[in-house]
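Residue numbers (our numbering): 320 to 776.
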Amino acid sequence: MSRAPDTPDTPDDPDSPGTAETPDITPEQRGPGPAPAVSRRRLLGAVGAGAAVAGAALGAGGAALVTRDDNGGGSSGGSGAASAGAGTVAFRDTHQAGIATASQDRLCFATFDVSPVAERADLADLLATWTAAAEAMTLGKPVPGDPGDLNTPPDDTGEAMGLAPGRLTITIGYGPSLFDDRFGLSGRRPSLLKPLPRLPKDALVAANSDGDLCVQACADDPQVAFHAIRNLRRLGFGTVVPRWMELGFGRTSSTTPQQATPRNLMGFKDGTRNIDATDASLMGEQVWIGDDEPQRWARGGSYLVSRKIRMRLEQWDRDRLGDQQEVFGRLKTSGAPLTGRAEFDTPDFAAKDAATGEYVIATDAHIRLAAHENNNGLRILRRGYSYTDGINPETGDLMGGLFFIAFMKNPDQFVTLQGVLGKNDALNEYIQHIASGVFVAPPGLAAGQDWGSQLFG
320 MSRAPDTPDT
330 PDDPDSPGTA
340 ETPDITPEQR
350 GPGPAPAVSR
360 RRLLGAVGAG
370 AAVAGAALGA
380 GGAALVTRDD
390 NGGGSSGGSG
400 AASAGAGTVA
410 FRDTHQAGIA
420 TASQDRLCFA
430 TFDVSPVAER
440 ADLADLLATW
450 TAAAEAMTLG
460 KPVPGDPGDL
470 NTPPDDTGEA
480 MGLAPGRLTI
490 TIGYGPSLFD
500 DRFGLSGRRP
510 SLLKPLPRLP
520 KDALVAANSD
530 GDLCVQACAD
540 DPQVAFHAIR
550 NLRRLGFGTV
560 VPRWMELGFG
570 RTSSTTPQQA
580 TPRNLMGFKD
590 GTRNIDATDA
600 SLMGEQVWIG
610 DDEPQRWARG
620 GSYLVSRKIR
630 MRLEQWDRDR
640 LGDQQEVFGR
650 LKTSGAPLTG
660 RAEFDTPDFA
670 AKDAATGEYV
680 IATDAHIRLA
690 AHENNNGLRI
700 LRRGYSYTDG
710 INPETGDLMG
720 GLFFIAFMKN
730 PDQFVTLQGV
740 LGKNDALNEY
750 IQHIASGVFV
760 APPGLAAGQD
770 WGSQLFG
(Lines of atoms letter the chains of each structure in order from A and count residues from 1; the text may use other names and numbers.)
(Lines give C-alpha, C1' and ligand atoms only; values in the text may rest on other atoms or scores of the structure.)
Protein backbone atom coordinates (compact mmCIF):
# COMPACT_ATOMS: atom_id res chain seq x y z
CA MET A 1 0.00 0.00 0.00
CA SER A 2 1.18 3.56 -0.54
CA ARG A 3 2.24 5.60 2.41
CA ALA A 4 1.84 9.36 2.35
CA PRO A 5 3.81 10.68 5.33
CA ASP A 6 1.61 12.88 7.46
CA THR A 7 3.07 13.68 10.84
CA PRO A 8 6.11 12.68 12.92
CA ASP A 9 6.56 10.02 15.54
CA THR A 10 8.70 9.86 18.59
CA PRO A 11 11.73 7.65 19.04
CA ASP A 12 10.81 4.08 19.88
CA ASP A 13 12.88 1.06 20.80
CA PRO A 14 14.90 2.57 22.63
CA ASP A 15 -1.51 5.96 55.88
CA SER A 16 -1.77 8.73 58.77
CA PRO A 17 0.20 11.90 59.31
CA GLY A 18 3.23 11.90 61.59
CA THR A 19 2.80 13.54 64.94
CA ALA A 20 6.38 14.43 65.79
CA GLU A 21 7.01 18.16 65.86
CA THR A 22 9.92 19.62 63.90
CA PRO A 23 11.26 23.18 63.73
CA ASP A 24 10.10 25.48 60.97
CA ILE A 25 12.35 25.46 57.92
CA THR A 26 14.84 28.29 58.13
CA PRO A 27 14.91 31.15 55.62
CA GLU A 28 18.17 29.75 54.24
CA GLN A 29 16.52 26.39 53.56
CA ARG A 30 13.39 27.94 52.17
CA GLY A 31 15.11 30.41 49.91
CA PRO A 32 14.43 34.13 49.43
CA GLY A 33 11.29 35.81 50.62
CA PRO A 34 9.21 36.16 53.77
CA ALA A 35 8.01 33.29 55.92
CA PRO A 36 5.21 31.16 54.46
CA ALA A 37 1.56 31.74 55.24
CA VAL A 38 0.06 29.99 58.24
CA SER A 39 -1.27 26.93 56.44
CA ARG A 40 2.00 26.38 54.66
CA ARG A 41 4.07 26.82 57.81
CA ARG A 42 1.93 24.18 59.49
CA LEU A 43 2.53 21.85 56.56
CA LEU A 44 6.26 22.42 56.53
CA GLY A 45 6.53 21.85 60.26
CA ALA A 46 4.44 18.70 60.19
CA VAL A 47 6.48 16.72 57.70
CA GLY A 48 8.14 15.09 60.75
CA ALA A 49 8.46 11.40 60.32
CA GLY A 50 8.71 11.67 56.53
CA ALA A 51 11.84 13.81 56.68
CA ALA A 52 13.33 11.54 59.32
CA VAL A 53 12.81 8.49 57.13
CA ALA A 54 14.33 10.27 54.15
CA GLY A 55 17.33 11.39 56.17
CA ALA A 56 17.93 7.91 57.48
CA ALA A 57 17.71 6.50 53.98
CA LEU A 58 20.25 8.94 52.62
CA GLY A 59 22.75 8.78 55.48
CA ALA A 60 26.03 10.66 55.38
CA GLY A 61 26.97 9.35 51.95
CA GLY A 62 23.62 10.09 50.28
CA ALA A 63 22.96 6.47 49.30
CA ALA A 64 19.38 5.23 49.50
CA LEU A 65 18.41 1.98 51.17
CA VAL A 66 18.16 -0.96 48.83
CA THR A 67 15.29 -3.41 48.77
CA ARG A 68 13.48 -5.43 46.16
CA ASP A 69 11.01 -3.39 44.18
CA ASP A 70 7.46 -4.37 43.29
CA ASN A 71 8.64 -5.95 40.06
CA GLY A 72 11.08 -8.28 41.79
CA GLY A 73 14.18 -6.37 40.75
CA GLY A 74 16.79 -4.82 43.00
CA SER A 75 17.26 -1.06 42.84
CA SER A 76 19.60 1.35 44.54
CA GLY A 77 20.75 4.93 44.95
CA GLY A 78 20.39 7.40 42.12
CA SER A 79 17.68 5.39 40.41
CA GLY A 80 14.71 6.07 42.65
CA ALA A 81 15.44 3.10 44.87
CA ALA A 82 12.69 1.29 46.70
CA SER A 83 12.94 2.30 50.36
CA ALA A 84 12.41 0.45 53.63
CA GLY A 85 8.65 1.05 53.44
CA ALA A 86 7.06 -1.56 51.19
CA GLY A 87 5.78 -0.03 47.97
CA THR A 88 7.59 3.28 48.41
CA VAL A 89 10.37 4.94 46.45
CA ALA A 90 12.93 7.19 48.13
CA PHE A 91 12.01 10.86 47.66
CA ARG A 92 15.50 12.21 48.38
CA ASP A 93 18.42 10.81 46.41
CA THR A 94 21.19 11.85 44.05
CA HIS A 95 18.68 12.13 41.21
CA GLN A 96 14.96 12.79 41.32
CA ALA A 97 12.78 9.71 41.51
CA GLY A 98 10.55 9.08 38.51
CA ILE A 99 13.36 9.14 35.96
CA ALA A 100 15.47 6.02 36.38
CA THR A 101 12.82 4.46 38.62
CA ALA A 102 11.31 1.27 37.23
CA SER A 103 8.30 2.57 35.30
CA GLN A 104 5.01 2.47 37.20
CA ASP A 105 1.72 1.62 35.53
CA ARG A 106 -0.08 4.98 35.82
CA LEU A 107 0.66 8.63 35.17
CA CYS A 108 -0.77 12.03 36.02
CA PHE A 109 1.21 14.81 34.37
CA ALA A 110 0.37 18.49 34.79
CA THR A 111 1.89 21.83 33.91
CA PHE A 112 1.40 25.20 35.56
CA ASP A 113 2.06 28.85 34.83
CA VAL A 114 2.99 31.20 37.65
CA SER A 115 0.21 33.69 38.34
CA PRO A 116 0.82 37.22 37.02
CA VAL A 117 0.35 38.57 40.56
CA ALA A 118 2.82 36.15 42.18
CA GLU A 119 6.23 37.36 43.27
CA ARG A 120 9.58 35.67 43.75
CA ALA A 121 8.91 35.00 47.44
CA ASP A 122 5.53 33.43 46.61
CA LEU A 123 7.12 30.99 44.19
CA ALA A 124 9.93 30.07 46.59
CA ASP A 125 7.38 29.53 49.35
CA LEU A 126 5.19 27.35 47.15
CA LEU A 127 8.10 25.17 46.07
CA ALA A 128 9.02 24.60 49.71
CA THR A 129 5.40 23.72 50.45
CA TRP A 130 5.25 21.36 47.50
CA THR A 131 8.41 19.63 48.68
CA ALA A 132 6.94 18.84 52.09
CA ALA A 133 3.66 17.66 50.60
CA ALA A 134 5.32 15.54 47.92
CA GLU A 135 7.65 13.88 50.41
CA ALA A 136 4.74 12.96 52.67
CA MET A 137 2.59 11.60 49.84
CA THR A 138 5.39 9.41 48.46
CA LEU A 139 5.60 7.84 51.94
CA GLY A 140 1.90 7.02 51.76
CA LYS A 141 0.99 9.78 54.23
CA PRO A 142 -1.58 12.55 53.81
CA VAL A 143 -0.46 16.09 53.16
CA PRO A 144 0.76 17.28 56.58
CA GLY A 145 -1.46 19.53 58.64
CA ASP A 146 -4.13 19.53 61.35
CA PRO A 147 -6.80 17.00 60.36
CA GLY A 148 -8.95 17.95 63.36
CA ASP A 149 -9.48 21.63 62.48
CA LEU A 150 -13.19 21.82 61.61
CA ASN A 151 -13.07 25.51 60.71
CA THR A 152 -10.74 25.22 57.72
CA PRO A 153 -10.67 23.04 54.61
CA PRO A 154 -8.86 19.71 55.12
CA ASP A 155 -5.12 19.79 54.49
CA ASP A 156 -5.48 16.65 52.38
CA THR A 157 -8.33 15.95 49.97
CA GLY A 158 -8.61 12.39 51.31
CA GLU A 159 -9.20 10.23 48.25
CA ALA A 160 -5.95 8.30 48.79
CA MET A 161 -6.71 7.38 52.41
CA GLY A 162 -6.36 3.63 52.89
CA LEU A 163 -4.55 3.14 49.61
CA ALA A 164 -1.00 1.81 49.43
CA PRO A 165 1.67 4.27 48.25
CA GLY A 166 1.89 2.38 44.97
CA ARG A 167 5.54 3.34 44.40
CA LEU A 168 4.45 6.96 43.93
CA THR A 169 7.11 9.26 42.55
CA ILE A 170 6.70 13.01 42.08
CA THR A 171 9.12 14.66 39.67
CA ILE A 172 9.29 18.42 39.09
CA GLY A 173 10.56 20.30 36.07
CA TYR A 174 10.95 23.92 34.98
CA GLY A 175 10.19 25.26 31.51
CA PRO A 176 12.21 27.86 29.59
CA SER A 177 9.55 30.50 30.27
CA LEU A 178 10.25 30.41 34.02
CA PHE A 179 13.75 31.77 33.50
CA ASP A 180 12.76 35.27 32.44
CA ASP A 181 12.90 38.51 34.41
CA ARG A 182 9.83 37.93 36.60
CA PHE A 183 11.61 36.16 39.47
CA GLY A 184 15.27 36.99 38.93
CA LEU A 185 15.98 33.57 37.44
CA SER A 186 17.35 34.61 34.06
CA GLY A 187 20.90 34.17 35.32
CA ARG A 188 20.16 30.62 36.53
CA ARG A 189 18.78 29.20 33.29
CA PRO A 190 20.50 25.90 32.42
CA SER A 191 22.59 26.40 29.30
CA LEU A 192 20.65 24.01 27.05
CA LEU A 193 17.12 24.90 28.16
CA LYS A 194 15.25 26.61 25.34
CA PRO A 195 11.95 26.07 23.52
CA LEU A 196 11.96 23.20 21.07
CA PRO A 197 12.12 24.26 17.42
CA ARG A 198 9.24 23.47 15.13
CA LEU A 199 9.72 19.89 13.98
CA PRO A 200 8.57 18.26 10.74
CA LYS A 201 4.78 18.10 10.40
CA ASP A 202 4.09 19.35 13.93
CA ALA A 203 0.40 20.17 14.53
CA LEU A 204 0.75 21.50 18.07
CA VAL A 205 -2.01 23.05 20.15
CA ALA A 206 -0.49 25.89 22.16
CA ALA A 207 -2.97 25.61 25.03
CA ASN A 208 -1.87 22.02 25.61
CA SER A 209 1.86 22.67 25.33
CA ASP A 210 4.70 24.15 27.39
CA GLY A 211 4.31 25.75 30.83
CA ASP A 212 6.43 27.41 33.55
CA LEU A 213 6.51 24.23 35.65
CA CYS A 214 5.61 20.60 35.18
CA VAL A 215 4.90 17.84 37.71
CA GLN A 216 5.02 14.17 36.79
CA ALA A 217 3.28 11.82 39.25
CA CYS A 218 3.72 8.11 38.53
CA ALA A 219 2.26 5.27 40.60
CA ASP A 220 0.83 1.79 40.29
CA ASP A 221 -2.59 3.15 41.35
CA PRO A 222 -4.23 5.86 39.21
CA GLN A 223 -5.99 7.40 42.21
CA VAL A 224 -2.69 7.79 44.06
CA ALA A 225 -1.14 9.58 41.09
CA PHE A 226 -4.16 11.85 40.60
CA HIS A 227 -4.28 12.59 44.35
CA ALA A 228 -0.71 13.86 44.21
CA ILE A 229 -1.36 16.32 41.38
CA ARG A 230 -4.70 17.41 42.84
CA ASN A 231 -3.14 18.32 46.17
CA LEU A 232 -0.19 20.15 44.67
CA ARG A 233 -2.64 22.10 42.53
CA ARG A 234 -4.74 22.91 45.65
CA LEU A 235 -1.66 24.12 47.53
CA GLY A 236 -0.78 26.31 44.56
CA PHE A 237 -3.96 28.39 44.60
CA GLY A 238 -3.01 32.04 44.14
CA THR A 239 0.55 31.31 43.05
CA VAL A 240 0.27 29.00 40.03
CA VAL A 241 -2.46 28.44 37.46
CA PRO A 242 -3.02 25.03 35.83
CA ARG A 243 -2.15 25.03 32.14
CA TRP A 244 -2.84 21.45 31.01
CA MET A 245 -2.94 17.91 32.39
CA GLU A 246 -2.71 14.39 31.01
CA LEU A 247 -3.69 11.02 32.52
CA GLY A 248 -1.80 7.94 31.37
CA PHE A 249 -3.42 4.53 31.87
CA GLY A 250 -0.66 2.18 30.73
CA ARG A 251 3.09 2.51 30.55
CA THR A 252 4.57 2.09 27.09
CA SER A 253 8.20 1.48 27.95
CA SER A 254 10.42 -0.51 30.29
CA THR A 255 13.28 1.18 32.10
CA THR A 256 14.82 -1.89 33.77
CA PRO A 257 15.58 -5.40 32.48
CA GLN A 258 13.25 -6.89 35.12
CA GLN A 259 10.20 -5.36 33.45
CA ALA A 260 8.38 -7.03 30.60
CA THR A 261 8.08 -4.85 27.52
CA PRO A 262 4.56 -3.37 27.35
CA ARG A 263 2.49 -2.75 24.22
CA ASN A 264 1.23 0.54 22.85
CA LEU A 265 -2.29 1.11 21.53
CA MET A 266 -1.20 -0.16 18.12
CA GLY A 267 -0.58 -3.53 19.72
CA PHE A 268 3.20 -3.55 19.29
CA LYS A 269 5.79 -3.96 22.00
CA ASP A 270 7.11 -0.48 22.72
CA GLY A 271 10.55 0.42 24.01
CA THR A 272 12.32 -2.91 23.50
CA ARG A 273 15.61 -1.10 22.95
CA ASN A 274 15.08 1.60 25.57
CA ILE A 275 18.01 2.63 27.76
CA ASP A 276 18.56 0.34 30.73
CA ALA A 277 18.24 2.81 33.59
CA THR A 278 20.32 0.56 35.84
CA ASP A 279 23.31 1.09 33.54
CA ALA A 280 25.09 3.95 35.35
CA SER A 281 27.59 4.50 32.55
CA LEU A 282 24.95 4.78 29.84
CA MET A 283 22.76 7.01 32.02
CA GLY A 284 25.72 9.31 32.62
CA GLU A 285 26.46 9.44 28.91
CA GLN A 286 22.92 9.98 27.64
CA VAL A 287 20.57 11.13 30.44
CA TRP A 288 22.13 13.00 33.38
CA ILE A 289 23.28 16.60 33.05
CA GLY A 290 27.03 16.55 33.62
CA ASP A 291 29.67 18.68 35.30
CA ASP A 292 30.16 20.66 32.10
CA GLU A 293 26.87 22.47 32.81
CA PRO A 294 27.72 26.03 34.02
CA GLN A 295 24.67 26.09 36.30
CA ARG A 296 25.90 23.92 39.16
CA TRP A 297 22.41 23.58 40.67
CA ALA A 298 21.23 21.68 37.56
CA ARG A 299 24.04 19.11 37.48
CA GLY A 300 22.72 15.62 38.04
CA GLY A 301 19.34 16.60 36.65
CA SER A 302 17.97 15.81 33.21
CA TYR A 303 15.96 17.39 30.42
CA LEU A 304 12.37 16.21 30.02
CA VAL A 305 10.59 16.31 26.68
CA SER A 306 6.86 15.59 26.51
CA ARG A 307 4.88 15.05 23.33
CA LYS A 308 1.22 14.16 22.99
CA ILE A 309 0.82 11.92 19.96
CA ARG A 310 -2.60 11.07 18.62
CA MET A 311 -2.88 7.71 16.86
CA ARG A 312 -5.25 7.25 13.94
CA LEU A 313 -6.49 4.00 15.42
CA GLU A 314 -9.34 3.30 12.99
CA GLN A 315 -7.01 3.71 10.03
CA TRP A 316 -4.39 1.52 11.70
CA ASP A 317 -6.94 -1.17 12.59
CA ARG A 318 -7.89 -1.50 8.92
CA ASP A 319 -4.32 -1.99 7.74
CA ARG A 320 -3.11 -5.50 6.90
CA LEU A 321 -0.83 -7.25 9.39
CA GLY A 322 2.07 -7.47 6.98
CA ASP A 323 2.13 -3.73 6.44
CA GLN A 324 1.83 -3.04 10.18
CA GLN A 325 4.90 -5.17 10.74
CA GLU A 326 6.77 -3.46 7.91
CA VAL A 327 5.95 -0.04 9.38
CA PHE A 328 7.51 -0.96 12.71
CA GLY A 329 10.13 -3.40 11.44
CA ARG A 330 9.03 -5.94 14.04
CA LEU A 331 6.74 -8.95 14.34
CA LYS A 332 3.56 -7.99 16.14
CA THR A 333 3.15 -11.11 18.27
CA SER A 334 6.69 -11.71 19.55
CA GLY A 335 8.17 -8.24 19.13
CA ALA A 336 11.17 -9.72 17.32
CA PRO A 337 12.81 -7.65 14.58
CA LEU A 338 11.91 -8.85 11.09
CA THR A 339 15.45 -10.20 10.83
CA GLY A 340 15.24 -12.15 14.12
CA ARG A 341 13.29 -14.72 16.08
CA ALA A 342 13.07 -13.23 19.60
CA GLU A 343 12.24 -9.77 20.89
CA PHE A 344 15.71 -8.83 22.03
CA ASP A 345 17.56 -10.07 18.97
CA THR A 346 19.68 -7.29 17.49
CA PRO A 347 18.16 -6.04 14.23
CA ASP A 348 20.20 -6.75 11.12
CA PHE A 349 19.79 -3.57 9.12
CA ALA A 350 21.98 -4.87 6.29
CA ALA A 351 19.90 -8.00 5.62
CA LYS A 352 18.16 -8.12 2.25
CA ASP A 353 15.44 -10.33 0.82
CA ALA A 354 17.07 -12.80 -1.55
CA ALA A 355 14.16 -12.69 -3.99
CA THR A 356 13.59 -8.94 -4.22
CA GLY A 357 16.89 -7.47 -3.15
CA GLU A 358 15.02 -5.12 -0.82
CA TYR A 359 16.03 -4.58 2.79
CA VAL A 360 14.14 -6.93 5.13
CA ILE A 361 13.76 -3.99 7.51
CA ALA A 362 12.59 -1.24 5.18
CA THR A 363 14.46 2.02 4.88
CA ASP A 364 11.45 3.88 6.32
CA ALA A 365 10.74 1.34 9.10
CA HIS A 366 10.43 2.92 12.52
CA ILE A 367 12.93 0.58 14.15
CA ARG A 368 15.61 1.47 11.60
CA LEU A 369 15.21 5.23 11.81
CA ALA A 370 15.13 5.26 15.63
CA ALA A 371 18.04 2.87 16.16
CA HIS A 372 21.09 4.28 17.93
CA GLU A 373 23.31 2.43 15.45
CA ASN A 374 21.90 4.68 12.73
CA ASN A 375 22.03 7.91 14.76
CA ASN A 376 25.67 8.10 15.83
CA GLY A 377 24.91 6.35 19.11
CA LEU A 378 22.24 8.88 20.13
CA ARG A 379 19.75 7.53 22.70
CA ILE A 380 17.08 8.84 25.08
CA LEU A 381 15.32 7.32 28.13
CA ARG A 382 11.64 6.80 27.36
CA ARG A 383 8.88 6.82 30.03
CA GLY A 384 5.75 7.14 27.91
CA TYR A 385 2.11 6.21 28.63
CA SER A 386 -1.01 5.46 26.62
CA TYR A 387 -3.89 7.94 26.94
CA THR A 388 -7.44 8.44 25.70
CA ASP A 389 -9.53 11.56 25.12
CA GLY A 390 -12.72 9.60 24.52
CA ILE A 391 -14.53 9.58 21.18
CA ASN A 392 -14.68 12.24 18.50
CA PRO A 393 -18.38 13.31 18.55
CA GLU A 394 -18.33 14.12 14.84
CA THR A 395 -16.63 11.03 13.44
CA GLY A 396 -17.06 8.45 16.20
CA ASP A 397 -13.32 7.77 16.06
CA LEU A 398 -11.43 6.81 19.17
CA MET A 399 -9.22 9.68 20.33
CA GLY A 400 -6.15 8.25 21.99
CA GLY A 401 -2.51 7.53 21.53
CA LEU A 402 0.85 7.95 23.20
CA PHE A 403 1.79 10.54 25.79
CA PHE A 404 5.50 10.44 25.14
CA ILE A 405 7.91 11.41 27.91
CA ALA A 406 11.67 11.10 27.58
CA PHE A 407 14.68 12.17 29.61
CA MET A 408 18.06 13.13 28.16
CA LYS A 409 21.26 15.06 28.80
CA ASN A 410 20.59 17.50 25.98
CA PRO A 411 17.22 18.33 24.31
CA ASP A 412 19.01 18.28 20.97
CA GLN A 413 19.09 14.49 21.31
CA PHE A 414 15.32 14.47 20.85
CA VAL A 415 15.37 17.19 18.21
CA THR A 416 17.87 15.21 16.13
CA LEU A 417 15.97 11.94 16.37
CA GLN A 418 12.59 13.51 15.74
CA GLY A 419 13.95 15.40 12.78
CA VAL A 420 14.80 12.09 11.14
CA LEU A 421 11.57 10.37 12.13
CA GLY A 422 9.37 13.29 11.20
CA LYS A 423 10.69 13.34 7.65
CA ASN A 424 10.98 9.65 6.85
CA ASP A 425 9.12 7.37 9.27
CA ALA A 426 6.44 5.13 7.72
CA LEU A 427 4.54 5.47 10.99
CA ASN A 428 3.77 9.11 10.17
CA GLU A 429 0.75 7.97 8.17
CA TYR A 430 -0.92 6.84 11.38
CA ILE A 431 0.06 9.44 13.98
CA GLN A 432 0.01 13.17 14.67
CA HIS A 433 1.96 15.21 17.22
CA ILE A 434 -0.51 17.60 18.85
CA ALA A 435 1.23 18.92 22.00
CA SER A 436 4.76 19.44 23.23
CA GLY A 437 6.91 20.68 26.09
CA VAL A 438 10.50 20.80 27.30
CA PHE A 439 11.60 21.20 30.93
CA VAL A 440 14.69 20.83 33.06
CA ALA A 441 14.23 18.30 35.88
CA PRO A 442 16.66 19.30 38.65
CA PRO A 443 18.75 16.77 40.56
CA GLY A 444 17.55 15.10 43.73
CA LEU A 445 17.26 16.94 47.04
CA ALA A 446 19.71 16.67 49.91
CA ALA A 447 18.50 16.42 53.51
CA GLY A 448 17.00 19.74 54.63
CA GLN A 449 16.78 21.06 51.05
CA ASP A 450 13.57 21.94 49.21
CA TRP A 451 12.77 22.74 45.61
CA GLY A 452 12.61 26.47 46.38
CA SER A 453 16.04 26.73 47.96
CA GLN A 454 17.48 24.53 45.22
CA LEU A 455 16.11 26.69 42.41
CA PHE A 456 16.78 30.12 43.89
CA GLY A 457 20.12 29.23 45.48
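Note that beta-carbon positions come from the ideal geometry of N, C-alpha and C, so glycine has one too. From a predicted model like this one, the values you see are computed outputs, not experimental measurements.
If we ignore side chains and look at the alpha-carbon of each, how far apart do I408 and A544 end up?
Ile is not the amino acid found at residue 408; the sequence shown has Val there. Their Cα atoms are separated by approximately 14 Å.
Simplified DSSP state of R549, which is helix, strand or coil
helix
DSSP-derived helix/strand/coil call for N742
Note that residue 742 is Lys in the sequence shown here, rather than Asn. It is helical.
Alpha carbon of A673 to alpha carbon of V679, nearest angstrom
9 Å
Using only alpha-carbon positions, find the residue among T490, S600, G530, L458 that is nearest to T499.
This sequence places Asp at residue 499; Thr is not what is there. Across the set T490, S600, G530, L458, the C-alpha of G530 shows the shortest separation from the C-alpha of D499.
With a threshold of 16 other CB atoms inside 10 Å of the CB of I686, please say whether the residue is buried or exposed.
buried
Mapping the DSSP letters down to three states, classify F775 as helix, strand or coil.
The DSSP-derived three-state label of F775 is helix.
Excluding the 5 residues flanking E604 on each side, which residues of the same chain have their C-beta closer than 6 Å to its C-beta?
none
Can you give me the Cβ contacts of F587 inside the same chain, cut-off strictly under 8 Å, excluding the 5 residues immediately before and after it?
Q643, F647, R649, K651, G654
For R425, name the three-state secondary structure that DSSP assigns.
strand
Give, in chain order, every unbroken run of the alpha helix (DSSP H) that is at least 4 residues long and sits entirely within the segment 504-583.
541-554
In the DSSP assignment, find the unbroken alpha helix (DSSP H) run with G641 in it and report its ends.
Annotation for G641: the continuous alpha helix (DSSP H) segment containing it runs 640-647.
Starting from S822, trace the beta strand (DSSP E) both ways and give me its first and last residue.
Residue coverage of the chain in this structure runs from 320 to 776, which leaves residue 822 outside it and unanswerable.
CA-to-CA distance, G659 to G464, given in whole angstroms:
57 Å
L657, DSSP secondary structure in three states:
coil
Ends of the beta strand (DSSP E) at A443?
No beta strand (DSSP E) holds A443; the alpha helix (DSSP H) holding it covers 439-457.
Note the first and the last residue of the continuous alpha helix (DSSP H) segment covering L717.
Counting along the chain, L717 falls outside any alpha helix (DSSP H), though it belongs to the beta strand (DSSP E) covering 717-727.
Rounded distance between the beta-carbons of I418 and F663, thought under 8 Å
At roughly 23 Å, the Cβ-Cβ gap does not stay under 8 Å, so F663 and I418 are not in contact.
Could you tell me the distance, in whole angstroms, from the CA atom of D432 to the CA atom of T420?
27 Å
Using a Cβ-Cβ cutoff of less than 7 Å, which residues in the same chain neighbour L688 once the five nearest sequence positions on both sides are dropped?
V739, L740, N743, D744
Whether V606 touches A617 by CB criterion (9 Å):
no
Given 8 Å as the limit, tell me if L458 has its C-beta closer than that to any heavy atom belonging to the ligand MG.
For the ligand MG, the structure offers nothing, since it holds no ligand at all.
Roughly how many whole angstroms lie between the Cα atoms of E645 and A681?
7 Å
Just mark I710 as buried or exposed, buried being the case when its beta carbon has 16 or more other beta carbons within 10 Å.
exposed
Closest by CA to R486, which one among L584, P581, S422?
S422
For the beta strand (DSSP E) containing Q751, list its first residue and its last residue.
750-760
Going by CA-CA distance only, name the one from G771, G467, P761, Q768 that's closest to G492.
P761
Taking the beta carbon of Q634 as the centre, do at least 16 other beta carbons fall within 10 Å, making it buried, or is it exposed?
exposed
Nearest chain D C-beta to D474 closer than 9 Å, yes or no?
Of the protein chains in the structure, only one exists, and it is not chain D.
Spatial neighbours of G557 in its chain, beta-carbon cut-off 7 Å, leaving aside the 5 residues before and after:
The residues are S434.
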